[in-house]
Each structure stands twice: as C-alpha cells, then as structure tokens.
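If you read the sequences in order, they're chains A and B.
Sequential numbering of the first sequence, starting at 4, is according to our numbering.
Sequential numbering of the second sequence, starting at 4, is according to our numbering.
All residues carry an ideal CB built from backbone N, CA and C; glycine is no exception.
Structure first, then comments.
There are 2 protein chains.
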Amino acid sequence: MNEQRIQIVQNILSANDAIAENNRQTLKQAHLFSINLMASPGAGKTTLIEQTVKHLSERYCILVIDGDIATTFDADRATAAGATAIQINTGGECHLDAVMISKALQQAQLEMFDLLIVENVGNLVCPASFDLGTSMNVLIASIPEGHDKPHKYPSMYRGVDLVVLNKIDLLPYVEFDVDFFRKGLEALNPSVEIIQVSCRTGQGLSSWINWLETKIKAYRTT
Amino acid sequence: MNEQRIQIVQNILSANDAIAENNRQTLKQAHLFSINLMASPGAGKTTLIEQTVKHLSERYCILVIDGDIATTFDADRATAAGATAIQINTGGECHLDAVMISKALQQAQLEMFDLLIVENVGNLVCPASFDLGTSMNVLIASIPEGHDKPHKYPSMYRGVDLVVLNKIDLLPYVEFDVDFFRKGLEALNPSVEIIQVSCRTGQGLSSWINWLETKIKAYRTT
Chain A
4 MNEQRIQIVQ NILSANDAIA ENNRQTLKQA HLFSINLMAS PGAGKTTLIE QTVKHLSERY
64 CILVIDGDIA TTFDADRATA AGATAIQINT GGECHLDAVM ISKALQQAQL EMFDLLIVEN
124 VGNLVCPASF DLGTSMNVLI ASIPEGHDKP HKYPSMYRGV DLVVLNKIDL LPYVEFDVDF
184 FRKGLEALNP SVEIIQVSCR TGQGLSSWIN WLETKIKAYR TT
Chain B
4 MNEQRIQIVQ NILSANDAIA ENNRQTLKQA HLFSINLMAS PGAGKTTLIE QTVKHLSERY
64 CILVIDGDIA TTFDADRATA AGATAIQINT GGECHLDAVM ISKALQQAQL EMFDLLIVEN
124 VGNLVCPASF DLGTSMNVLI ASIPEGHDKP HKYPSMYRGV DLVVLNKIDL LPYVEFDVDF
184 FRKGLEALNP SVEIIQVSCR TGQGLSSWIN WLETKIKAYR TT
C-alpha cells in the first residue's frame with residue numbers, strides 16, 4: 004500500500020476504535036453481555052445462533068444483530084428460533100464496523116436483553132480489523148474448512164477469545180488433524196479455549212451453552 | 004461510506020482495472036490461458052489445483068500464482084504436484100489485485116506455459132471487486148458451505164464464468180439442496196455453467212479437466 008492509502012486505512016481504523024469504545028460503554032450500562040461471532044461463509048454461524056436461542060431463550064432474552072451483504076435469511080432464522088433480530092445489509096461491505104453496530108443498538112431497548120450476539124459477515128479476513136465494542140470475540144472454525152486455517156488466517160485467529168470448532172460430525176469423512184489445528188491456534192493465541200461441537204447432531208453444544216451462561220452471569224456482577 | 008471514501012475506492016478500482024487490462028494483453032501475447040480461482044477459505048482451491056496439475060502436467064506446462072495472507076503452504080503443494088509456483092503473501096490484504104499479478108508475471112517466462120492458475124485469497128467478498136486480467140473467473144463453491152451462498156454473496160456469484168461445486172461426496176451428510184443452489188445462481192448469472200466434483204474421491208474431475216483443456220486449446224487459436 005502507498006503512504007496515502009496507509010494513512011487513510013489508519014484513520015478509518017482509529018475512528019472505528021473510538022466508536023467501538025462508545026458501544027462498549029453503552030452495552031456496559033445496559034448490563035448486556037455481547038459477542039462478535041465471526042467465521043468463513045457457511046461455517047455455521049446462523050445454525051449456532053439458532054441452537055443457542057433454542058437452548059437459552061426460556062431463561063434469557065436474546066438480541067441478535069445480523070450482518071450480511073444481502074438478504075434477511077439469517078435474521079429471519081434467528082427470529083423464527085425465538086430471538087429479537089436486527090438485520091444489517093452492508094450492501095457489499097465485507098465486514099461489520101462499529102458505526103453499523105452503534106446505529107443498530109439505537110433500535111433496541113438494550114436493558115430488556117441478557118445476551119447480544121452479533122453475527123458478522125462471513126469472512127475470515129476483514130472482520131478481524133474492526134472492533135465492534137462487544138464483550139468478546141468468538142470464531143467458528145469448521146471441520147471441512149481444513150486444519151491449516153490458523154496458519155493461513157493468523158490475524159483472525161490471534162484476536163479471538165474462544166474458538167468453536169463446528170461440524171465435528173464430519174470428522175470421519177474429511178481429512179482434519181485436530182492436533183495440527185490446535186497447535187496452529189496455540190502458537191498464535193496460547194490461552195484461547197476450543198469447544199468442539201456439531202450444530203447438526205447437538206454434540207458438544209452443552210459445553211458452548213455452559214460457557215455462554217457463565218459469561219452472562221459473570222458480566223452482570225461486574 | 005462517505006463521499007471522500009467512495010472517491011478513494013473508485014480511484015483504487017479504476018487504477019486496478021487499467022493494470023488488469025495490461026496483464027490481459029501480456030498474457031494474450033504469451034498465448035497463455037489463465038483463470039482467477041476464487042472461493043471461501045477451505046472450499047478446495049489448492050486441492051483442485053493439485054488434481055488439475057496431476058491430470059494435465061504431462062501434456063501442458065502449468066504456472067500457479069498463489070495468493071495467501073501468510074505461509075507458503077499452497078505454493079509448496081502446487082510445486083509438489085508438478086507445477087511452477089509463485090507465492091504472493093499479501094501480509095493482511097484480503098484479496099489479490101492486478102499490481103500483485105503484474106509483478107508476479109514479471110518473474111516467469113510466460114511463453115513457456117500453457118495454463119496459468121491464479122489462486123486468490125480465501126474470501127467470498129473482496130476478490131470479486133478486483134479484476135486481475137485473467138481470461139476467466141472460476142469460483143469453487145463447497146457443499147458444506149450451504150446452498151444459500153449465491154443469495155448471500157451475489158457480487159461474487161454474478162461475476163464468474165464457471166462454478167465448480169466441490170465436496171459432493173459430503174452430500175449424504177449435510178443438508179444441501181442442489182436445485183436451490185442452482186436457482187440462486189441462475190437468478191444472478193443465467194448462462195453460467197456448474198461442474199460438480201469431489202476433489203477427494205475424484206468424482207466429476209474429468210468434466211473439469213475437459214472444460215479446462217477445451218479452453219486452453221480455443222485460446223491458442225484466438
């Protein structure tokens with residue numbers, strides 16, 4: 004990149020960080036635990052949200068902000084599962100940013116909710132650069148994507164608080180070395196936790212639900 | 004986006020298009036048929052390249068330009084399969100652009116080769132905006148990604164000349180409606196061809212190899 008372009012990118016990221024910090028304060032005041040859910044296209048973000056809402060919606064009020072290039076498919080699925088959903092269509096932008104989230108937060112009575120899940124655009128590169136102001140960043144990796152992805156997309160794997168390794172029901176049918184994946188991840192992000200699930204069969208979902216519930220409760224007391 | 008940012012993006016894309024046109028002329032003069040191979044992370048770009056090289060390297064000289072955020076994994080695999088490979092590490096950039104390709108083309112004796120495969124960064128959004136100057140754009144879709152992807156990533160699906168639908172060996176194990184996928188694609192791109200393959204089992208690969216060989220031969224006579 005030339006110097007002018009580097010300066011412009013830095014300005015965009017600084018402005019984003021400032022608004023993300025505002026979002027973080029807004030969510031804090033509403034005692035609303037929030038996650039930024041990121042992944043490649045088709046890794047299972049919407050399916051994990053559906054499962055999460057089904058498991059938790061009797062005990063917690065859940066708000067979902069869905070980011071997509073086009074369509075309202077994902078927000079429709081979150082609503083059908085029992086969440087309140089706000090759709091953001093980015094119209095071509097490859098990631099959500101803090102301004103989009105700030106506008107979406109103004110559309111909801113945040114105090115009503117216990118959990119906010121932001122479903123980012125399906126992309127393993129660009130969302131890593133844009134803090135949204137959520138409490139935590141969660142990445143879904145997927146067995147058929149292959150075990151080399153932490154090595155190849157380091158900025159994404161470096162910045163997350165939890166990795167949900169989805170589609171483990173496909174392990175018998177594809178080549179995926181869980182140890183190689185784990186080593187690649189630990190080299191970038193030594194303290195990160197991995198939860199293995201299959202959203203399709205339900206395997207491992209209780210670990211994810213427990214993780215989430217522990218975080219929601221801990222956040223309320225801070 | 005604000006007006007200043009829109010102007011900057013338009014300037015970047017115009018400059019890219021001009022250099023892409025130069026690349027197209029350079030490749031034309033070398034009689035080198037070329038494809039820009041795009042897909043999500045883990046859809047099977049590198050595996051399709053390995054299979055292609057194995058099937059065609061006795062009859063054709065193949066040059067691969069590999070774009071990755073980090074690592075030389077993909078170029079190493081292309082070389083091991085029998086191609087000449089040039090690695091581009093974008094260092095964080097989410098797509099290849101025409102300047103990167105122009106520089107890579109200067110590193111090879113283009114007249115020696117019959118086929119150039121450019122493996123783009125794994126991303127279903129950003130590469131769609133950057134013409135590289137290749138003869139054709141090919142997209143790999145993957146069964147476990149889900150059948151809704153043409154609807155959700157329209158700019159990518161709209162601009163391609165061929166869709167290779169990979170991992171069809173996983174059809175019994177995931178929910179994927181081939182007709183729904185096909186209808187979504189045809190609404191955006193009515194004339195596009197779909198070739199169904201499994202790079203893992205080899206199913207359907209002969210159709211892909213035939214397609215490619217027909218294009219290589221036709222390009223030579225233009």
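Q.
Looking only at its chain, what residues have a beta carbon closer than 6 Å to the beta carbon of N19/A, apart from the 5 residues adjacent to it on each side?
A. The residue labelled residue 19/A in the question sits at position 16 within the first sequence. Closer than 6 Å at Cβ, skipping near neighbours: D100, A101 and F133.
(Q) Pairs of beta-carbons, one from the stretch 18-32 of chain B and one from the stretch 131-149 of chain B, closer than 8 Å: are there three or more? (A) Counting Cβ pairs under 8 Å, three or more are found: they touch.
Q. In chain A, what lies closer than 9 Å to A73/B by C-beta?
A. By one-based count along the second sequence, residue 73/B stands at place 70. Identification of chain A residues near A73/B by a Cβ-Cβ cut-off of 9 Å yields H154, K155, Y156, P157 and S158, ordered along the chain.
Q: Report yes if the C-beta distance between G94/B and K152/A is below 8 Å; otherwise report no.
A: Stepping through the second sequence from its first residue, residue 94/B is reached at position 91. Stepping through the first sequence from its first residue, residue 152/A is reached at position 149. Remark: C-beta atoms of G94/B and K152/A do not approach each other more closely than 8 Å.
Q | Residues that I11/B contacts on chain A, provided the C-beta gap is smaller than 9 Å | A | The residue given as residue 11/B occupies position 8 in the second sequence. The contacting residues are Q7, R8 and I11.
Q.
For E216/B, report the span of its alpha helix (DSSP H) as first-last.
A. Taking the second sequence and counting its residues from 1, one reaches residue 216/B at position 213. It spans L208 to R223 - the alpha helix (DSSP H) in which E216/B sits, taken as one unbroken run.
Q) When Cβ atoms are compared, which residues of the stretch 29-58 of chain B fall closer than 7 Å to chain A? A) Taking 7 Å as the Cβ-Cβ cut-off against chain A, the residues of the stretch 29-58 of chain B that qualify are S43, P44 and G45.
Q: Put I197/B into one of helix, strand or coil per three-state DSSP.
A: Counted from its first residue, the second sequence places residue 197/B at position 194. Reduced to three states, the DSSP call for I197/B is strand.
(Q) At the 8 Å Cβ level, is F76/A part of the contact set with chain B, yes or no? (A) Taking the first residue of the first sequence as 1, we reach residue 76/A at position 73. Cβ-Cβ to chain B under 8 Å: yes for F76/A.
Q) Taking the beta strand (DSSP E) that S145/A falls in, what are its first and last residues? A) Working through the first sequence from its first residue, we reach residue 145/A at position 142. M139 to S145 is the extent of the beta strand (DSSP E) around S145/A.
(Q) Closer than 8 Å between beta carbons: that is the criterion. Which residues of the stretch 104-131 of chain B meet it against chain A? (A) Within the stretch 104-131 of chain B, the residues whose Cβ lies closer than 8 Å to any Cβ of chain A are, in chain order, V124, G125, N126, L127, V128 and C129.
(Q) Checking 8 Å against the spacing of the C-beta atoms, do M159/A and L127/A come in under that value? (A) For the purposes of this step, residue 159/A is identified with residue 156 of the first sequence, where counting begins at 1. For the purposes of this step, residue 127/A is identified with residue 124 of the first sequence, where counting begins at 1. Closer than 8 Å, so yes.
Q. So, are the CB atoms of I68/A and L118/A less than 8 Å apart?
A. In the first sequence, residue 68/A corresponds to position 65, counting from 1. In the first sequence, residue 118/A corresponds to position 115, counting from 1. No, the pair does not count as a contact, with Cβ atoms beyond the cut-off.
(Q) Checking 8 Å against the spacing of the C-beta atoms, do G47/A and S145/A come in under that value? (A) Taking the first residue of the first sequence as 1, we reach residue 47/A at position 44. Taking the first residue of the first sequence as 1, we reach residue 145/A at position 142. Result yes, Cβ atoms of G47/A and S145/A sit closer than 8 Å.
Q. Using CA coordinates, which residue listed in L174/A, Y63/A and A86/A is at the minimum distance from T1/A?
A. Lying before the first or after the last residue shown, residue 1/A is absent from chain A, which here runs from 4 to 225.
Q: Between the Cα of S37/B and those of I120/B, G187/B and E178/B, spot the shortest distance and give me the residue it belongs to.
A: For the purposes of this step, residue 37/B is identified with residue 34 of the second sequence, where counting begins at 1. That would be I120/B, whose Cα lies nearest to the Cα of S37/B.
Q | Spatially closest choice to Q109/A from V124/A, I91/A and E122/A, by CA coordinates | A | What you label residue 109/A is simply residue 106 of the first sequence in a count that begins at 1. For Q109/A, the closest alpha carbon among the candidates V124/A, I91/A and E122/A is that of I91/A.
Q: Return no unless some Cβ of chain A is closer than 8 Å to the Cβ of S194/B.
A: Walking along the second sequence from the start, residue 194/B turns up at place 191. Closer than 8 Å: no.
Q: Within the same chain, show all residues whose beta-carbon is closer than 8 Å to that of L51/A, passing over the 5 residues directly before and after it, in chain order.
A: As a first step, residue 51/A must be located in the first sequence, where it is residue number 48. Only L40, I143, V167, N169, V200, C202 and W211 meet the Cβ criterion.
(Q) If I measure Cβ to Cβ from E189/B and keep anything under 8 Å in the same chain, skipping five residues before and after, which residues do I get? (A) Here residue 189/B is taken as the residue at index 186 of the second sequence, counted from 1. Here the set comprises V195.
(Q) Quick check on this structure: which residue in Y176/A, D71/A, A83/A and L16/A has the alpha carbon closest to the alpha carbon of T55/A? (A) Locating residue 55/A in the first sequence gives position 52, counting from the first residue. Selected option, being the one with the closest Cα: A83/A.
**Q.** Neighbourhood of A81/A by C-beta, 6 Å cutoff - its chain only, sequence neighbours within 5 removed
**A.** Along the first sequence, one-based indexing puts residue 81/A at 78. The answer, listed in chain order, is I52, V67 and A88.
(Q) So with CB distances below 8 Å, who are the chain B contacts of S60/A? (A) Residue 60/A sits at position 57 when you count from the first residue of the first sequence. Contact note: S60/A does not reach chain B at a C-beta cutoff of 8 Å; the least C-beta distance is about 23 Å.
Q | Proximity test, T137/A beta-carbon vs the ligand MN heavy atom, cut-off 7 Å | A | Among the components of this structure there are no ligands whatsoever, and the ligand MN is therefore not found.
Q.
Taking its Cβ as the centre, do 16 or more other Cβ atoms sit within 10 Å of S17/B, making it buried, or is it exposed?
A. By one-based count along the second sequence, residue 17/B stands at place 14. Exposed is the label assigned to S17/B, since fewer than 16 other Cβ atoms lie within 10 Å of its Cβ.
Q) Under the rule that 16 or more other beta-carbon atoms within 10 Å means buried, what is K155/A, buried or exposed? A) The sequence position of residue 155/A within the first sequence is 152, counting from 1. Buried, since its Cβ has 16 or more Cβ neighbours within 10 Å.
(Q) So V124/B and G70/B are supposed to be a Cβ contact under 8 Å. How far apart are they, rounded? (A) What you label residue 124/B is simply residue 121 of the second sequence in a count that begins at 1. What you label residue 70/B is simply residue 67 of the second sequence in a count that begins at 1. The pair is a contact, with the Cβ atoms about 5 Å apart (cut-off 8 Å).
Q: Under 7 Å Cβ to Cβ from A131/B, same chain only, skipping five residues before and after it: list those, please.
A: Position 128 of the second sequence holds residue 131/B. The answer, listed in chain order, is S158, M159 and G162.
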